[in-house]
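Take a look at the structure below.
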Amino acid sequence: MNCQSLFRHSQIIHKENKIRQLYDNKLVENHIYVNHKLHYDLLNYIAYLNYFIQILKIKEKKNNSFILKSSKNFISLTEEAKNIYFHLKDFKMPLKEIHNYYGIYIKADKEFDIVIEDLKQMWRTYNNDKKRSNENNKFCDACYHLNLELSKLRITIQVDINRINLSGR
């Protein structure tokens, strides 16, 4: 073998190793993104949900019928809650990152508690309305189902908080 072919061969091996290393790094980045994306989605969902409910409460004071027109939004929020719940119940928490998830779950639990209470209040207000209409019924149903899905999601989060507390002892 001559020196030139050995040099070329070592360059090829070096390039292959570099490509393999880049590929491995991308796999790790993708794995981290997939694991954390669920929790970013959870936090974004909580922020949007809280913002939406607060806007509804403000608009309700000015125009009572405005809130009844938000049934479609409640249905969309319910579907998103189902989606997050589906992924969260199958999530396996890495032991090295328990402290990160604990903070997220505590925040989610507090925010869901506030939103669930607001939804209960809205449901009571419109469910007890003497002038029941089809629009009223749609809103109450959408409100009830969103509350149900948020409660399931909150229970899942509380179970995870308890697991973290038990593993920390």
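In this text, residue positions in the sequence shown follow the working numbering: the first is 388, and each later residue adds one. Note that beta-carbon positions come from the ideal geometry of N, C-alpha and C, so glycine has one too. Please read all numbers here as calculations on a predicted model, not as lab measurements.
Nearest to residue 337 (by Cα), restricted to the options 403, 550, 447, 404: The first residue shown for the chain is 388 and the last is 556, placing residue 337 beyond what the model contains.
One question on the structure: do residue 540 and residue 468 come within less than 7 Å of each other, judged by their Cβ atoms? Residue numbering aside, residue 540 sits at position 153 when the sequence shown is read from its first letter. Residue numbering aside, residue 468 sits at position 81 when the sequence shown is read from its first letter. Inclusion of residue 540 and residue 468 in the CB contact set at 7 Å is warranted, their separation being smaller than that value.
Is the Cβ-Cβ distance between residue 443 and residue 454 less than 7 Å? In the sequence shown, residue 443 corresponds to position 56, counting from 1. In the sequence shown, residue 454 corresponds to position 67, counting from 1. In this structure, residue 454 lies closer than 7 Å to residue 443 by Cβ.
contact_flag[the stretch 495-506, the stretch 519-528] where n(CB pairs < 8 Å) is 3 or more: Touching, no.
Grab the span of the alpha helix (DSSP H) containing residue 476 for me, first residue to last. For the purposes of this step, residue 476 is taken as the residue at position 89 of the sequence shown. Residue 476 -> alpha helix (DSSP H) spans 458-476.
Which of helix, strand or coil DSSP assigns to residue 479: The residue you call residue 479 lines up with position 92 of the sequence shown. Residue 479 carries a coil assignment under DSSP once its states are collapsed to helix, strand and coil.
Straight-line Cα distance separating residue 511 from residue 447: Looking up residue 447 in the sequence shown gives position 60. Looking up residue 511 in the sequence shown gives position 124. The C-alpha of residue 447 lies about 14 Å from the C-alpha of residue 511.
Who are the near neighbours of residue 522 in its chain, counting only those whose CB is closer than 6 Å to its CB and skipping five residues on each side? As a position in the sequence shown, residue 522 is number 135, starting the count at 1. If you ignore the 5 residues before and after residue 522, its C-beta comes within less than 6 Å of the C-beta of 455, all in its own chain and listed in chain order.
Cβ-based burial, residue 498 [other Cβ within 10 Å; buried from 16]: To locate residue 498, count along the sequence shown from 1; it is residue 111. It counts as buried.
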